[in-house]
Amino acid sequence: MLDSLLPARRQSSNRKRQKQLGSKKVLRPDIQGLRTFAVVAVVLDHLLDWPSGGFVGVDIFFVISGFLITGLLLREQERTGTISFTGFYKRRAKRILPASLLVLVVTVVVSYFVFGWSRFVGVVWDGLAAALFAGNWRFAAVGTDYFQADGPVSPLQHYWSLAVEEQFYFVWPWIMLLVFVMVARRSGQGAARAGAGVAIVVISVASFAWALWESQNNNGVAYFSTFSRTWELGIGAIIAVVAPALTRIPRAIRPLLAWVGISGMVLSLFAVENGPAFPAPFAALPVLSAALVIIAGTGTSEHRFIWPLTNKVSGYIGDISFSLYLWHFPVIIIGSQIVDGSTPLGAVQLAAFFLATSIYSYHLVEDPIRKSRWLDGGKRHRKHADRAPVPGSYKITALSALGCLTAIMVVPLLVPGKPVAEPVALPVVAAPLADTASAALPPGLAKLQAEIRASVGAAGWPELSPSMDEAIAGGQAPADILECGKIGRLVDEEACTWGSADASKTAVVIGDSTSMGYVAGIRSLAELDPTWRVKSYGTFGCAYSDVPNENVEADCAARKEDAVNAINRIRPDIVFITNHYNERTPEGVNRPLTQAEKASSVEAFVSKFQASAGKIVFIAPAPADKNIATCYTKVSTPATCMNTITSRWVDASVLEKALAEKLGGSYMDSRDWFCADAQCPVFVGTTPVKRDLAHATPEYQARISPVILEALRTAKIV
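With the numbering used here applied, the sequence shown corresponds to residues 51 to 768, in that order.
Have a look at this one:
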């Protein structure tokens with residue numbers, strides 16, 4: 051993608067054109083337009099979350115890059131008989147490092163002033179990985195690590211695509227050289243080009259086949275994987291290899307090919323979805339469409355009837371597209387902590403800021419250094435050291451750019467936080483909250499509700515224990531409970547059982563990670579009553595239903611089967627079940643399940659052990675609206691992170707309560723443990739409530755444990 055964002059140049063094959071231009075290299079306006087199309091698609095997707103398939107702009111960049119770099123290497127080999135790796139990597143360093151390192155440094159520095167410590171540390175590690183062109187593997191690891199997957203988006207996540215390209219170009223030129231050595235010396239230049247073509251076709255076919263498998267079986271990794279993306283760069287490389295043959299394409303057909311390609315790219319913005327079929331085979335639509343546009347303009351100096359790509363505005367955006375790609379994402383992620391990017395005004399402010407920053411970055415850093423004599427050699431540098439003094443306009447622009455960069459760092463310190471309206475409860479469409487202010491409450495719940503109401507009205511952050519940074523970086527449950535829920539191994543029943551071995555009654559807790567948050571409260575039953583023992587068979591990352599879990603079904607299936615077998619063997623008096631109410635897209639499905647489908651899948655799962663369970667008790671998960679790991683910053687307020695009870699949560703609650711009644715079981719509403727009057731504060735007293743979107747902190751789990759036990763006894767469940 052890097053080279054697709056940098057000015058593309060080619061030598062004219064037309065003698066008359068060559069005579070007019072001498073040795074001057076000229077831009078291909080159609081490729082400039084492709085860059086513009088791609089970067090605008092990506093920017094709009096990140097800024098407005100529209101169009102839904104805007105992320106395919108990266109795939110278009112890959113095709114352009116494969117074409118440009120492979121063409122450059124082929125021309126060098128045909129001109130000199132070899133490839134100068136020293137020159138190749140020097141040119142790449144000049145083009146890539148100045149702008150990319152500038153954005154990395156500024157982003158890390160600004161993150162220190164805006165984010166909390168735990169998130170800042172994450173950005174530092176992201177920056178190191180990006181600087182080493184290994185960001186794609188870091189983000190793949192984070193995205194597939196259950197305990198980090200729900201974390202905040204890194205402002206440097208977009209560097210994954212740069213890493214893919216640099217890894218490709220660390221290998222591909224050497225393969226080309228090997229082919230040239232083996233073929234060219236024996237059979238000539240034509241055979242060398244053909245040999246390179248065979249090599250890249252084989253590599254691309256293998257990469258596409260791997261991408262098909264990995265997209266279905268490990269989609270979280272496939273998105274970032276160099277092995278699953280190589281075929282996209284390979285398509286561009288193949289076009290470069292066959293470029294001489296493309297000169298024979300009839301002049302009349304070229305505009306038609308280009309418009310078919312443009313139409314395909316536009317269609318991909320709305321038709322392609324990021325799911326089990328991406329990047330393969332769905333990325334084939336934008337990749338092949340971009341390839342058609344490049345093919346249409348290869349071997350000709352004319353680019354007729356494609357004005358949307360070849361106009362001056364597209365040309366300029368194409369020029370600055372590398373800087374625009376680098377700057378837009380950190381500005382959106384960090385800037386959204388200061389202005390509300392979800393509003394039209396906020397979106398315009400963010401867009402204006404990253405557009406201005408990109409323009410300055412291009413004219414002051416990227417373009418001057420790319421054209422400079424840096425890395426060209428000391429003697430040449432000294433020879434021309436006194437040439438062309440810096441113009442005054444450049445100095446003025448540099449000073450204004452310095453002012454912009456200073457503002458980036460200072461504004462977060464001066465602005466207390468983006469304006470946030472007072473939290474307003476969403477209209478409850480079903481199963482309204484009980485009037486806990488006036489209802490006769492058990493004493494433990496009454497005390498908790500009073501503390502929650504006090505925290506709802508808090509104007510600022512109190513001294514918390516643990517701090518919000520410690521809570522966010524901490525575990526999702528106490529250490530011993532955490533071990534019981536880890537995926538990848540079966541439950542150690544002895545270690546995950548609490549209470550006397552002689553207890554006459556048994557309770558089993560199952561479900562996904564939200565169930566693990568209730569184990570502390572339920573096991574207190576065994577600690578206080580020797581007639582009870584409690585066993586945990588829940589699993590982090592596994593929804594306990596009859597529908598496959600996305601990406602991890604092999605491990606989840608084993609854990610769920612183990613739980614079913616244990617229940618049928620133990621025949622417990624109570625089985626407690628909790629699964630989160632958030633959207634869930636299971637393996638092999640390209641849309642989230644409806645709440646009714648989720649309820650039906652849970653019912654089908656429960657049927658496997660219902661006859662062995664004395665009573666089925668569903669406990670609702672905590673309402674989950676905002677991710678504290680994302681919304682908590684040095685410029686946020688408690689109101690910024692206030693959760694509300696969403697209509698989705700209420701709908702799921704109604705269906706689960708109905709399911710409990712159908713199965714002859716019970717349903718426990720958890721809202722009063724976390725919220726008052728549909729407002730759910732981020733802390734209660736001095737205790738942080740949640741560490742991310744859905745998981746209570748271990749400290750808050752301990753705080754509500756007596757209340758959970760009180761609720762079980764009040765409802766005569768135990």
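Backbone N, C-alpha and C fix where the C-beta goes; we use that ideal spot for every residue, glycine too.
Please decide whether residue 756 counts as near chain D, where near means a Cβ-Cβ distance under 9 Å.
Protein chains in the displayed structure number just one, and chain D is not present.
State the Cα-Cα distance for the pair residue 509 and residue 724, rounded to the nearest angstrom.
19 Å
Proximity to residue 763 [Cα-Cα], best of 709, 571 and 229
571
Residue 256 and residue 265: beta carbons closer than 9 Å?
no
Residue 547 - containing alpha helix (DSSP H), residue span
Segment 547–549 is the beta strand (DSSP E) holding residue 547; no alpha helix (DSSP H) there.
Output the residue ranges of the alpha helix (DSSP H) runs that lie fully inside the stretch 557–584 and measure 4 residues or longer, sorted by chain position.
563–566 and 569–578
Where residue 769 falls, given that 16 or more other Cβ within 10 Å makes a residue buried
Residue 769 is absent from the model: the chain starts at 51 and stops at 768.
Tell me whether residue 135 is buried or exposed, calling it buried when 16 or more other Cβ atoms sit within 10 Å of its Cβ.
exposed
Buried or exposed: residue 743, going by 16 or more other Cβ atoms within 10 Å of its Cβ?
Answer is buried; the Cβ neighbour count reaches 16.
Please classify residue 729: does DSSP put it in a helix, a strand, or coil?
strand
Would residue 622 pass as a contact of residue 556 if the rule is Cβ separation under 9 Å?
yes
Where does residue 757 sit, in a helix, a strand or coil, going by DSSP?
helix
Residues of its chain near residue 677, where Cβ-Cβ distance is below 6 Å and the 5 sequence neighbours each way are ignored:
742 and 743
List in chain order: all unbroken alpha helix (DSSP H) runs of 4+ residues lying wholly within the stretch 288–373.
Here the runs fully enclosed are 293–296, 303–321, 334–347 and 357–360.
Where does the unbroken beta strand (DSSP E) through residue 824 begin, and where does it stop?
The chain is shown only over 51 to 768; residue 824 falls outside these bounds and no answer can be derived.
Candidates 139, 492, 756 and 730: which alpha carbon is nearest residue 504's?
730
Looking at the structure shown, is residue 267 part of a helix, part of a strand, or coil, going by DSSP?
Reduced to three states, the DSSP call for residue 267 is helix.
Given 8 Å, three or more beta-carbon pairs between the stretch 300–319 and the stretch 102–113:
Cβ pair count under 8 Å is three or more, so yes.
Counted within 10 angstroms of its Cβ, other Cβ atoms place residue 471 as buried (16 or more) or exposed
Residue confidence for residue 471 is low, a pLDDT of 36 falling below 50, so the modelled location carries little weight; the figure read from the coordinates is stated next. Answer is exposed; the Cβ neighbour count stays below 16.
What is the DSSP secondary structure of residue 165, counted as helix, strand or coil?
strand
Among 661, 270 and 216, which one has its Cα closest to the Cα of residue 191?
270
Given residue 758, which residues of its chain have a CB within under 6 Å of its CB, disregarding the five upstream and five downstream residues?
The beta carbon of residue 758 sits closer than 6 Å to the beta carbons of 571 from its chain, once the five residues preceding and following it are set aside; these are given in chain order.
Proximity winner among 670, 618, 643 and 642, relative to residue 626 (alpha-carbon distances):
Ranking the options by Cα distance to residue 626, first place goes to 670.
Under the assumption that residue 308 contacts residue 363 (Cβ atoms under 8 Å), give the Cβ distance between them as a whole number of angstroms.
Not quite, the Cβ-Cβ distance comes to about 18 Å (not below 8 Å), so this is no contact.
Put residue 506 into one of helix, strand or coil per three-state DSSP.
helix
Could you name the residues that DSSP lists as bridge partners for residue 746?
740
For residue 666, which beta-bridge partners are listed by DSSP?
625
Between the C-alpha atoms of residue 770 and residue 243, what's the straight-line distance to the nearest angstrom?
Outside the displayed span of the chain (51 to 768) sits residue 770, for which this structure offers no information.
Compute the Euclidean distance between the alpha carbons of residue 695 and residue 260, then round it to the nearest angstrom.
43 Å
For residue 768, the three-state DSSP class (helix, strand or coil):
coil
To which residues does DSSP link residue 134 through a beta bridge?
None, per the DSSP bridge assignment.
Suppose you measure from the CA of residue 673 to the CA of residue 713; what does that come to, to the nearest Å?
24 Å
Would you call the stretch 116–135 and the stretch 284–293 touching, i.e. three or more CB-CB distances under 8 Å?
yes
Look at the alpha carbon of residue 512 and the alpha carbon of residue 159, and state the distance between them as a whole number of angstroms.
26 Å
By a C-beta neighbour count over all protein chains shown, 10 Å radius and 16 as the cutoff for buried, is residue 218 buried or exposed?
By the neighbour-count rule (16 or more Cβ atoms within 10 Å), residue 218 is buried.
Whole angstroms are fine: how far does the CA of residue 706 sit from the CA of residue 183?
47 Å
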